[in-house]
Amino acid sequence: MKSRTFILLAVVTLSAAILIGCAPSEEAAVAESHLIVANFAETQTMDPRAVEDTASHWINNQIFDGLVRRTDDMGVEPALATDWSFVDERTIEFNLRQDVLFHNGVEFTAEDVKFTYETLLDRSLGFAGRSRLAMIDVENIEVIDDYTIRIPTNQPFAAVLTYLAHSSSLIVSKAAVEEHGADFGANPVGTGPFKLSRWDRGTAVHLERFDEHWRGPAQVEQLTFRGIPEGSSRTIEVETGGVHVAQQIPETDFNRLRESSSVELYEYAAMRLHYILFNTQAEPFNDVRVRQAISYALDIEELAEVAYGGAGTPARGYMNSSIWAFNPDVYMYPRNMDRARELLAEAGYSDGFRMTMTIDDSSPRQTIAEIMGSQLRELGIEIDIEIMEWGAYLQMTAGGEHDMAQLAWLASTGDPHHALHPNYFSGNIGAANRSYTELPELDELLLAGVREPDAARREQIYREAQELISGFAPIIPVADDREAVGVRANVTGFVPSPSGYHMFHEVGLN
Amino acid sequence: MIRYIFKRLLSLIPVLLGATFIVFAIMFFTPGDPATIMLPQDATAEDIAMMRDFLGLNEPFLVQYRDFLLRLAQGDLGNSFRTGQSVLGLILSRLPATMQLATASLVIAIMIGLIAGVVAAVRQYTVWDGGAMVTALLGVSMPNFWLGLMLILFFAVFWANSFGYTLLPASGYGTMQHMIMPAIVLGTAHAAFITRITRSSMLEVLRQDYIRMAKAKGLSPFKVVFVHALRNALMPVVTIIGLRFGVLLGGSVVTERIFAWPGIGRLLIDAVRAQDYNVVQGIILTYAIIFSLVTLGVDLLYSFIDPRVKVRYR
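Chains A and B supply the protein sequences, listed in that same order. Those letters in the first sequence? Residues 1 to 510, by our numbering. Those letters in the second sequence? Residues 511 to 824, by our numbering.
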């Protein structure tokens, strides 16, 4: 009898569960002014000074403002600063917007700017975003009055505005940081168009409109970022209306969404370059002829197509092609096996050699390594593929223990200095310069480029720098990144940003 | 009995110490560096050294482990390297989701597994038996991610395309509907195990003399199977269920990822990848405690199923 009751109960419970489940889902019936966005990862913290991951930066960009901000074409326009002027070649003076309120009702002043940069750059606080603004001479930031501030750099730094527009430079409320201390990341207070309403850790960040925002209130009342790590799940959510906007649609779903009537696919060139790199200080790659021979021997089109498909276009230069000052004329290695053989013979490797390609566990990089193996076999070059866990891989390539490796570089400020200096300046060997490139003429150009205030002159310098890099062949560029956002048809005003941090102030729902 | 429980809880201490030491050593000696992973790729050697110092990673292994134990003794699991948040807070924020999903999938697994196992045993070598065993084999063999995507395609995509609304939300957390698909996915594999164990255990019991006696007395087949046979066949089944519950509480990375379920499995994998020592330690500690408690619970359950076992607890 007891067993019978148990089974009956069980059946009733299951039925109840299934019946409850049959009701239309909550997301399908969301309020009209509630925009739901699928982020590709969950947020780590909402303290902009402490993050280095794009998923968190994206959310922080809705909560905070910087002194300046990026335009959709990666220019710079006023945000919390109304205008600025160079006092001398190292110092920039900002006039700040008045009557701007933080979410806690406190007025924004120059003290908040000073406080933000001082804490960000304070070595003892260990903020991950510190290195992005390391050029600022933090000791000498000068508050002239509540709405005027002078920010000096250690050396003349022409790209300072683009760096100040980066998400690491967003301004936090001094009062709120002092109130919440280490918990500021869970209680963020900025001046942005949205303020935090609730953080369901691991699931979603719920923001609500900040009505006193200086640009006027946002279109939607509520904005939710859900962390959905699986790409195909994000596609399905935007297809079925579970979310309105889905970031980083996997390449395999592009076609499906292109044909969809309810979802529009926004494809855009992101500012990331995927590349293969040589250790230019290790044998045999310390001989430029060997590097050039391998550059000639590889079919970049095939590598890019097979490894990245629609998520990349074959690269044609030494930085991402969507960054200004990109020089498309310098790449001089179309596939030419005869030339490759000649160069190898000149270098004394006519019978080829054996080398190791070290990579992390990313699948496109494995594909590239395998194709390279077959393309280089004709030259007698044998490749051993060594796959490492990401942390160990970073450490190894920084230490110069590799023959060849693969990395990607995202110049998220959109400035050519950010695209070239970290990767090719000899002072950055062991940091981002993992090809161990050491070329005094190039160093000079890169330093000149960042000191030169005139944009046209800067462009000329960076174009020359790319020519030098091409001759030196420290890397083999493979693909420029392409990303795609899926947006429901009833969403209005969405404009994708090449930085990946699409803004929602102007975005509405029909 | 209480003394037994106390003794068991006491024996938890060396287990936890051992587990934390091994994990700490593995993390410490694994190549790679949390500071390198945290900082941007263009961070200089100086930046990295500073961050290592900030995180206290420059101390020798034993000093770091001692500090960890001292903090632990005060109930402090430390903060996450990546986010600065308290590890205990992080774990507590994920545990409810993991518990809910584990319980729901276990309920599904038990209901399917017990019924299918009993039917297969009672109707041995019939279509029922074959059907249950083939289904169990399928359940064990089906990869989680495949079943998960198939369910999403049917309940969310197909339904939305055909009827204009989704029968179940494709992913997320918060309501009963969100739980159904992940619970089915996780429950299926475990149901298959329970089916097989129940079947073999039941077969053994059904051959015993007292069952023949019960049948000879003229008891209804239902009573013979569910009252006399099943209870005695339950011992190995309960053991398996206990172990499965322990496994389920560990979270399932694949299922959690597909359904964007905020479970502890994903937190652990992310922490391991970022070499976030404190978070990894905290989660392993939680696993060890949960697993030990579940095993203890199973042991205690034996005495309710089989009163003879009680003697052992004195």
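Positions of the beta carbon are idealized from the N, C-alpha and C atoms, including for glycine.
Buried versus exposed call for residue i [16 or more other C-beta atoms within 10 Å across all chains shown]
i, result
"ARG767(B)", "buried"
"VAL113(A)", "buried"
"SER124(A)", "exposed"
"LEU257(A)", "buried"
"LEU60(A)", "The sequence shown places Asn at residue 60(A), not Leu. When all chains shown are included, ASN60(A) counts as buried."
"LYS517(B)", "exposed"
"MET357(A)", "buried"
"LEU565(B)", "buried"
"GLY129(A)", "buried"
"ARG776(B)", "buried"
"ASP146(A)", "exposed"
"TYR683(B)", "buried"
"GLY752(B)", "buried"
"GLN595(B)", "buried"
"TRP521(A)", "As displayed, chain A neither begins before 1 nor continues past 510, which places residue 521(A) out of reach and without an answer."
"ALA398(A)", "buried"
"ARG365(A)", "buried"
"SER169(A)", "buried"
"ILE620(B)", "buried"
"LYS727(B)", "exposed"
"TYR812(B)", "buried"
Among the options, the one whose alpha carbon lies nearest that of residue i
i, options, result
"GLN687(B)", "THR705(B), THR708(B) and PHE665(B)", "PHE665(B)"
"GLU117(A)", "ILE476(A), PRO188(A) and VAL172(A)", "Note that residue 117(A) is Tyr in the sequence shown, not Glu. Considering only alpha carbons, the answer is VAL172(A)."
"SER33(A)", "ASP47(A), GLU267(A), ALA448(A) and GLN222(A)", "GLN222(A)"
"LEU439(A)", "PHE157(A), VAL507(A), ASN286(A) and THR191(A)", "ASN286(A)"
"THR162(A)", "ILE63(A), GLU142(A) and ILE323(A)", "ILE323(A)"
"SER426(A)", "ALA411(A), LEU445(A) and ARG198(A)", "LEU445(A)"
"ALA55(A)", "ASP65(A), GLN44(A), ILE63(A) and PHE64(A)", "GLN44(A)"
"VAL808(B)", "THR685(B), PHE736(B), PHE755(B) and THR593(B)", "PHE755(B)"
"LEU659(B)", "THR593(B), PHE769(B) and LEU810(B)", "PHE769(B)"
"ARG633(B)", "ARG709(B), THR593(B) and ASP543(B)", "ARG709(B)"
Nearest-angstrom Cα separation, counted from residue j out to residue i
i, j, result
"LEU477(B)", "GLY202(A)", "In the structure as shown, chain B begins at 511 and stops at 824. Residue 477(B) is therefore absent and cannot be evaluated."
"ALA218(A)", "GLY773(B)", "33 Å"
"ALA484(A)", "VAL245(A)", "11 Å"
"VAL238(A)", "GLY641(B)", "38 Å"
"THR153(A)", "HIS421(A)", "17 Å"
"VAL667(B)", "MET355(A)", "48 Å"
"THR224(A)", "GLU212(A)", "20 Å"
"VAL513(A)", "PHE184(A)", "Limits of chain A in this structure are 1 at one end and 510 at the other, which puts residue 513(A) out of reach."
"ALA29(A)", "LEU35(A)", "A caution first: ALA29(A) carries a pLDDT of 38, below 50, which makes its placement in the model too unreliable to give a value."
"VAL573(B)", "ASN654(B)", "42 Å"
"LEU442(A)", "SER470(A)", "11 Å"
"LEU96(A)", "PRO48(A)", "20 Å"
"VAL220(A)", "ARG209(A)", "7 Å"
"ILE625(B)", "PRO679(B)", "29 Å"
"ARG90(A)", "MET135(A)", "10 Å"
"PHE538(B)", "ILE228(A)", "30 Å"
"HIS274(A)", "ALA479(A)", "5 Å"
"GLU302(A)", "ASP481(A)", "15 Å"
"GLN281(A)", "GLY373(A)", "22 Å"
"TRP669(B)", "LEU509(A)", "24 Å"
Cβ separation of residue i and residue j, assumed to be a contact under 8 Å, to the nearest whole Å
i, j, result
"TYR424(A)", "THR413(A)", "In fact, because the Cβ distance is near 16 Å, the residues do not count as touching under 8 Å."
"ILE276(A)", "ILE475(A)", "6 Å"
"ILE547(B)", "GLN791(B)", "About 17 Å separates the two Cβ atoms, so there is no contact after all."
"ILE800(B)", "LEU526(B)", "With 8 Å as the limit, ILE800(B) and LEU526(B) do not qualify as a contact, their Cβ atoms being about 11 Å apart."
Bridge-paired residues (DSSP) for residue i
i, result
"THR153(A)", "ILE136(A)"
"ILE690(B)", "DSSP output for ILE690(B) lists no bridge partner at all."
"ALA481(A)", "According to the sequence shown, residue 481(A) is Asp rather than Ala. According to DSSP, ASP481(A) bridges with GLY312(A)."
"ASP83(A)", "ASN95(A)"
"ALA405(A)", "LEU277(A) and THR358(A)"
"ASP200(A)", "ALA204(A)"
"PHE736(B)", "Paired residues: none, contrary to the question."
"TYR268(A)", "GLU483(A)"
"GLN222(A)", "HIS34(A) and GLU208(A)"
"LYS195(A)", "GLU208(A)"
"THR148(A)", "ASN95(A) and ASP145(A)"
"GLU77(A)", "ARG69(A)"
"ARG227(A)", "The question names Arg, yet the displayed sequence has Gly at residue 227(A). Paired residues: ASN39(A)."
Cβ-heavy atom distance, residue i to the ligand SAM, below 7 Å
i, result
"GLN219(A)", "No copy of the ligand SAM occurs in the structure displayed, which carries no ligand at all."
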